[in-house]
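Just so it is clear: in the sequence shown, position 79 is 90 by the numbering used here, and no numbers are missing.
Structure record follows, encoded as structure tokens.
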Amino acid sequence: MPEFPEVETVARGVNDRVHGDRIVEVWFSSHTQPFKTPPAEQAEGLEGRTILEVRRVGKHIVCDLGGRDVVGEQAEAQWIVHLGMTGRLLVTTPDGDVAPHTHARLRLQSGREVRFVDPRRFGRLDYRELAQTKGFLGPGVEPTTVEPEVFVRLFKGRKLAIKAALLNQSILHGVGNIYADESLFRAGIRPTRMAGRLKKAELLKLRVALQDVLQHAIQLGGSSVSDYVDANGVKGFFQLEHRVYMRTGKPCRVCGTPIKRIVLAGRGTHFCPVCQR
Ligand SMILES: [Zn+2]
Numbered sequence: 012m013p014e015f016p017e018v019e020t021v022a023r024g025v026n027d028r029v030h031g032d033r034i035v036e037v038w039f040s041s042h043t044q045p046f047k048t049p050p051a052e053q054a055e056g057l058e059g060r061t062i063l064e065v066r067r068v069g070k071h072i073v074c075d076l077g078g079r080d081v082v083g084e085q086a087e088a089q090w091i092v093h094l095g096m097t098g099r100l101l102v103t104t105p106d107g108d109v110a111p112h113t114h115a116r117l118r119l120q121s122g123r124e125v126r127f128v129d130p131r132r133f134g135r136l137d138y139r140e141l142a143q144t145k146g147f148l149g150p151g152v153e154p155t156t157v158e159p160e161v162f163v164r165l166f167k168g169r170k171l172a173i174k175a176a177l178l179n180q181s182i183l184h185g186v187g188n189i190y191a192d193e194s195l196f197r198a199g200i201r202p203t204r205m206a207g208r209l210k211k212a213e214l215l216k217l218r219v220a221l222q223d224v225l226q227h228a229i230q231l232g233g234s235s236v237s238d239y240v241d242a243n244g245v246k247g248f249f250q251l252e253h254r255v256y257m258r259t260g261k262p263c264r265v266c267g268t269p270i271k272r273i274v275l276a277g278r279g280t281h282f283c284p285v286c287q288r
């Protein structure tokens, strides 16, 4: 499953290649699963529109689309892509080999083509007209920009483990397992602590740690962006230098104590029993 920084990286890479371009022709596969909005309706909505910007919202990729006649800065519609487990959004040329499991091809005026490929079909494509419905905000709060006071308030009175709260997409959107474990280690907080019982100072520390981890991952991801977007496959994405994640039994990089693994909220959870209290 693509994690948050991968989605950010894909969105930026696609944006670099297609913003300002116009969608001239749309083709969709006959599979029903990927389409939240019926494909005919999406195709009709997309054709002729200018792509103003492609950006990440939570774990979704949102393409803000302008009008057909007047080229303004105001988004009139959105194409929303959720990558699911195996989805990829690629920018290629029309003569590029069409990968198996391609579900969408958007031909652009520049000659480029945006393609959505998804072997397992858990990904979703959605289209909305902003005159009729509001823009896509996703569930939960954006972790990379959340203000300190807002962050602290998110966990007030929550009777669940902080690790589970971090993974809860209706609280913060897009924080995956790796980033939850790594940020809790950096903040010195044991994943099992009840979210609502954490002190304000601890939550403030956690916010900084989480944003550091995510920014770092996004930066590392940025360097491999062209492979990620242009190539046929998902090539080796960056490796964050993990401090606890998947390091069960290995010495803590700070104190040397073996890293412990437990299962919390159904997910493998890694922590240092000495550094995290
Ligand atoms: Zn330690």
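Just so you know, even glycine gets a beta-carbon here, dropped at the ideal spot from N, CA and C.
Which residues in the same chain have their Cβ closer than 7 Å to the Cβ of residue i, if we skip the five residues on either side of it in sequence?
i	result
T48	D137 and Y138
L275	A172, K174, A175, P202 and T203
Is residue i helix, strand or coil by DSSP?
i	result
A172	strand
A142	coil
R278	strand
T10	This structure cannot settle anything about residue 10, because the visible part of the chain is limited to 12 through 288.
L94	coil
V73	strand
V25	helix
R218	helix
L290	Coverage of the chain is limited to positions 12 through 288, which leaves residue 290 absent and any answer about it impossible.
L225	helix
Please return the same chain residues whose Cβ sits closer than 6 Å to the Cβ of residue i, not counting the five positions on each side in sequence.
i	result
T97	D129, P130 and R131
P269	G260
F162	R218
I91	H71, V73, D137 and F147
Using DSSP bridges, identify the partner residues of residue i.
i	result
P269	P262
T113	V128
L136	F46 and V92
E64	D75
L119	I34
T103	E124
May I ask you to check if the CB of residue i is nearer than 6 Å to at least one heavy atom of ligand 1?
i	result
C283	yes
T259	no
V265	yes
T20	no
C74	no
T268	yes
Spatial neighbours of residue i within its chain, please: CB distance less than 8 Å, with the 5 preceding and 5 following residues excluded, ordered by chain position.
i	result
S181	P150 and G151
C263	R254, V255, P269, I270, C283, V285 and C286
Practice item. Taking only runs that begin and end inside the segment 148-199, name each unbroken alpha helix (DSSP H) of 4 or more residues, in chain order. Key: 159-165, 173-178 and 188-198
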